[in-house]
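**Q** The sequence shown begins at 1 in this note's numbering and counts up one residue at a time.
Dumping the structure here so I can ask a few things about it.
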Amino acid sequence: MRQDDISIPRSKRRSIQLPKETVDKRVAVNPKAEPPSLAKIQSRPAPTSAQMYCSKLLQIWKSVRYMNSANQTNPRFVGWIVRRFQQAHSKATLMTYLPPISSPITEYSTIIEMFHQSRQLAKLSNMSYTHITLDAGAAIKAFHVVWNNPAAWSDIIIHLGDFHAMMTFFAVIGRFVESSGFEDVLFQAGLCSSGSITGVMSGKHYNRCWLVHEAFSEALERLFVEQYLPTMPKKVEECAQSNLAQATSLTNILNDDTVKEYVDQCQIQKTKCLNGEFGKTPQFWAKYMELVDRQQKLHFSVNTNDYDLRMLIWKESLPLCFATNRVHYARYGTYYVSGLECIDSTHPGARQEIEDLGLSVRRNQLGIGQSIDMAGEQSYMRNAKTAGGITQFAAKESTLQRT
C-alpha cells in the first residue's frame with residue numbers, strides 16, 4: 001500500500017478522551033466508627049534480639065568511622081549496610097500502575113475503588129490478603145472504610161508508610177532539640193544554611209534531615225567515646241584500616257570476645273548517661289543520640305525487610321508522637337502497631353506474606369529495599385508529565401488525558 005493511499009483525519013486535539021469513571025460518589029461511611037477491639041486477641045510481641053543486633057552494627061559502624069577519621073573510606077550507615085548486606089543477582093520488585101482515578105485520595109469512593117482494584121491484583125498474584133501502604137492522611141480514610149464494614153474488607157490490610165513516618169519522627173526529634181543550641185551548631189559548623197534549618201526541624205527536608213542528624217549524632221558519639229569508653233578493640237581497628245572487600249566478615253567481628261565486651265561497655269555507659277548519672281546535659285544529648293539511632297534502626301529494618309525490628313521501633317517511637325501532638329500517628333499508629341502484634345490471630349498467614357519481601361521495594365538486584373511509599377512517590381513524580389507532579393496529575397482531568 002502506498003503512503004498516498006493512507007487517509008487519517010487530521011485533528012488539532014492533543015489529548016485523548018478517556019471513558020468516564022464509574023466510581024460511585026455516593027458512599028456512606030461513618031468517620032466516627034470505632035475500630036474492632038484487639039484487647040482479647042492473643043498478641044505476639046516482637047523479640048528484642050533484632051534490635052540488639054542492629055545496635056551492635058551501629059556501634060561497630062561508628063567505631064570504624066571514628067578510627068578512620070583522617071582518611072575516611074567508610075560511607076554513611078545506609079551505604080555501609082548496602083556494602084555489607086547486598087546480595088548478588090537478587091530479584092528486583094516489579095512496579096506497575098493501576099488505572100488512574102482523577103479524584104482525591106481522601107474521598108471514600110476513591111478508597112473503595114482502590115480496594116477493589118488492589119484486591120483483583122492480589123488474587124492474580126495468589127495472595128490471601130491485600131496489603132496496601134498509604135501515608136497517614138489516606139490511611140485514616142482507609143481505616144474508616146474498613147471499620148465501617150469489617151466483614152466485607154477482612155482481607156484488606158492497611159500499612160502506614162515508613163517514609164512518611166520517618167519524616168514525622170524527624171519532626172519529633174526537631175521538636176525535642178528546638179532552642180537547645182542545636183540550630184546554632186548546625187549553622188556555625190556549615191552543615192545547614194539558615195534558610196534550610198526550618199525544613200530540618202520540621203522533618204520536611206527528608207534527605208537533609210538524614211545528613212544533618214547523622215553527622216551531629218556521630219559527632220556526639222565521638223565525644224562520648226573519648227570521655228567514657230576504653231580503648232578500641234584490635235579487631236575493630238583492623239576492620240577500619242583494611243580494604244572493605246578484604247575485611248574480616250562482620251559476623252566474626254561481632255562474635256569476637258573483645259568486641260562483645262566493648263559493645264556491652266558502650267551500652268552500660270550509655271544507660272548511665274540516659275539515667276542522668278553524668279549530669280543533665282549529657283543526659284539530654286544521649287537521649288537525642290538514642291532517637292537518631294532509632295531512626296537508623298527503622299531504616300535498617302526496611303532495608304533488610306525485618307518485620308520484628310520494624311514493629312518494635314514503631315512501638316518505641318509512638319509515645320513521643322503523643323508528647324509532641326502528632327495526633328494522626330498517636331492515634332492510628334498505635335492501632336496499626338497493635339494490629340501487627342495480633343496479625344497471627346486476626347489474619348493467619350499474612351505475616352508470612354509480609355516477611356516475604358513485603359515491607360519494602362527493591363529497585364535493583366542488590367537485595368536492599370526502600371520504603372514502599374517513597375518508591376511510589378519517586379515514580380509518580382518522575383513519570384507525571386506536569387510541573388506540579390502527582391498533585392496536578394491526579395487533580396486535573398485534562399492533564400490526565402495528556403499523559
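Beta carbons are placed, not taken as given, at the ideal position from N, Cα and C, and that holds for glycine.
Quick one: residues in its chain with C-beta nearer than 8 Å to the C-beta of Y129, no 5 flanking neighbours on either side, listed in chain order?
**A** Translated into positions along the sequence shown, residue 129 becomes position 129. Excluding residues within five positions, the ones whose Cβ falls inside 8 Å are A122, D155, I156, I157, H347, G349, A350 and E353.
**Q** Does the region 293-308 come close enough to the region 53-63 to have 3 or more Cβ pairs within less than 8 Å?
**A** The region 293-308 vs the region 53-63: in contact.
**Q** Excluding the 5 residues flanking L98 on each side, which residues of the same chain have their C-beta closer than 7 Å to its C-beta?
**A** Looking up residue 98 in the sequence shown gives position 98. The answer, listed in chain order, is Q117.
**Q** For my contact list, S43 and C342 are in at a C-beta cut-off of 8 Å; report their separation, rounded to the angstrom.
**A** Working through the sequence shown from its first residue, we reach residue 43 at position 43. Working through the sequence shown from its first residue, we reach residue 342 at position 342. 5 Å between Cβ atoms; contact.
**Q** Taking R331 and E316 to be in contact with their CB atoms under 8 Å, please state how far apart those CB atoms are, rounded to whole angstroms.
**A** Counting from one through the sequence shown, the residue named residue 331 turns up at place 331. Counting from one through the sequence shown, the residue named residue 316 turns up at place 316. Actually they do not touch by this definition, with Cβ atoms about 17 Å apart.
**Q** Where F182 and E214 are concerned, what is the direct C-alpha to C-alpha distance, given to the nearest angstrom?
**A** In the sequence shown, residue 182 corresponds to position 182, counting from 1. In the sequence shown, residue 214 corresponds to position 214, counting from 1. Their Cα atoms are separated by approximately 13 Å.
**Q** For the alpha helix (DSSP H) that T231 lies in, which residues bound it at each end?
**A** Walking along the sequence shown from the start, residue 231 turns up at place 231. Counting along the chain, T231 falls outside any alpha helix (DSSP H), and DSSP gives it neither H nor E.
**Q** Any contact between the region 176-195 and the region 269-279? By contact I mean 3 or more CB pairs, one from each, below 8 Å.
**A** In short, these stretches do not touch, since the Cβ pair count stays below three.
**Q** Under 8 Å by Cβ, that's how I've got V302 and D135 pegged, so tell me the actual separation to the nearest angstrom.
**A** Within the sequence shown, numbered from 1, the residue matching residue 302 stands at position 302. Within the sequence shown, numbered from 1, the residue matching residue 135 stands at position 135. Incorrect: roughly 15 Å between the Cβ atoms, too far for contact.
**Q** Give the straight-line distance between the Cα atoms of N74 and R363, rounded to the nearest whole angstrom.
**A** One-based indexing of the sequence shown puts residue 74 at position 74. One-based indexing of the sequence shown puts residue 363 at position 363. Cα to Cα, the separation comes out at about 23 Å.
**Q** Three Cβ pairs or more, each shorter than 8 Å: is that satisfied between the region 103-118 and the region 72-86?
**A** No, they do not touch.
**Q** Where does S317 sit, in a helix, a strand or coil, going by DSSP?
**A** The residue given as residue 317 occupies position 317 in the sequence shown. DSSP places S317 in helix when its eight states are reduced to three.
**Q** Consult DSSP for A247 and reduce its assignment to one of helix, strand or coil.
**A** In the sequence shown, residue 247 corresponds to position 247, counting from 1. Residue placement at A247 cannot be trusted, given a pLDDT of 41 that sits under 50; the coordinates are not used to answer.
**Q** Write down the C-beta distance between G339 and W314 rounded to the nearest angstrom, noting that I regard them as a contact closer than 8 Å.
**A** Taking the first residue of the sequence shown as 1, we reach residue 339 at position 339. Taking the first residue of the sequence shown as 1, we reach residue 314 at position 314. Wrong, their Cβ atoms sit about 11 Å apart, outside the cutoff.
**Q** Report yes if the CB atom of T324 is closer than 7 Å to the CB atom of R175, and no otherwise.
**A** Position 324 of the sequence shown, counted from the start, is the residue given in the question as residue 324. Position 175 of the sequence shown, counted from the start, is the residue given in the question as residue 175. The answer is yes: Cβ separation under 7 Å.
**Q** In the DSSP assignment, what residue or residues form a beta bridge with I132?
**A** Residue 132 sits at position 132 when you count from the first residue of the sequence shown. DSSP output for I132 lists I158 as bridge partner(s).
**Q** Measuring only the C-alpha atoms, how far is A222 from S49?
**A** Numbered from its first residue, the sequence shown carries residue 222 at position 222. Numbered from its first residue, the sequence shown carries residue 49 at position 49. For clarity, residue 222 is Arg in the given sequence; the question names Ala instead. Roughly 26 Å between the two C-alpha positions.
**Q** So, at 6 Å on beta carbons, what are the nonlocal neighbours of M201 in its own chain, with the 5 sequence-adjacent residues on each side left out?
**A** Along the sequence shown, read from residue 1 onward, the residue named residue 201 stands at position 201. Counting only Cβ-Cβ distances below 6 Å, and skipping sequence neighbours, we find G174.
**Q** Any idea what DSSP makes of Q29, helix, strand or coil?
**A** Position 29 of the sequence shown holds residue 29. The question names Gln, but residue 29 is Val in the sequence shown. Residue state, collapsed to three classes: coil.
**Q** Quick one: what's got a C-beta closer than 6 Å to D256's C-beta in the same chain, skipping five residues either side?
**A** Residue 256 sits at position 256 when you count from the first residue of the sequence shown. Closer than 6 Å at Cβ, skipping near neighbours: K235.
**Q** Should D373 be labelled buried (16 or more other beta-carbon atoms within 10 Å of its own) or exposed?
**A** For this step, residue 373 is matched to residue 373 along the sequence shown. When all chains shown are included, D373 counts as buried.
**Q** Quick one: is P104 buried, meaning 16 or more other Cβ sit within 10 Å of its Cβ, or exposed?
**A** Looking up residue 104 in the sequence shown gives position 104. Result: exposed.
**Q** Checking the sheet assignment: what are the DSSP bridge partners for S360?
**A** Numbered from 1 along the sequence shown, position 360 holds the residue referred to as residue 360. According to DSSP, S360 bridges with S371.
**Q** Starting from Q352, trace the alpha helix (DSSP H) in both directions and tell me its first and last residue.
**A** The residue labelled residue 352 in the question sits at position 352 within the sequence shown. Q352 -> alpha helix (DSSP H) spans A350 to E355.
**Q** Grab me the residues of H164's own chain with a C-beta within less than 8 Å of its C-beta, minus the 5 sequence neighbours each way, in chain order.
**A** Within the sequence shown, residue 164 is the residue found at index 164, counting from 1. D135, A136 and D373, listed in sequence order.
**Q** So, for L298: in the same chain, excluding its five sequence neighbours on each side, which residues have a beta-carbon less than 7 Å away from its beta-carbon?
**A** Start at 1 with the first residue of the sequence shown, and residue 298 comes out as number 298. Contacts found: D162, M166, R310 and I313.
**Q** Where does W61 fall in DSSP's three states?
**A** As a first step, residue 61 must be located in the sequence shown, where it is residue number 61. Three-state result, W61: helix.
**Q** State the start and end residues of the unbroken alpha helix (DSSP H) segment that holds N305.
**A** Counted from its first residue, the sequence shown places residue 305 at position 305. First-last for N305: undefined, no H or E at that position.
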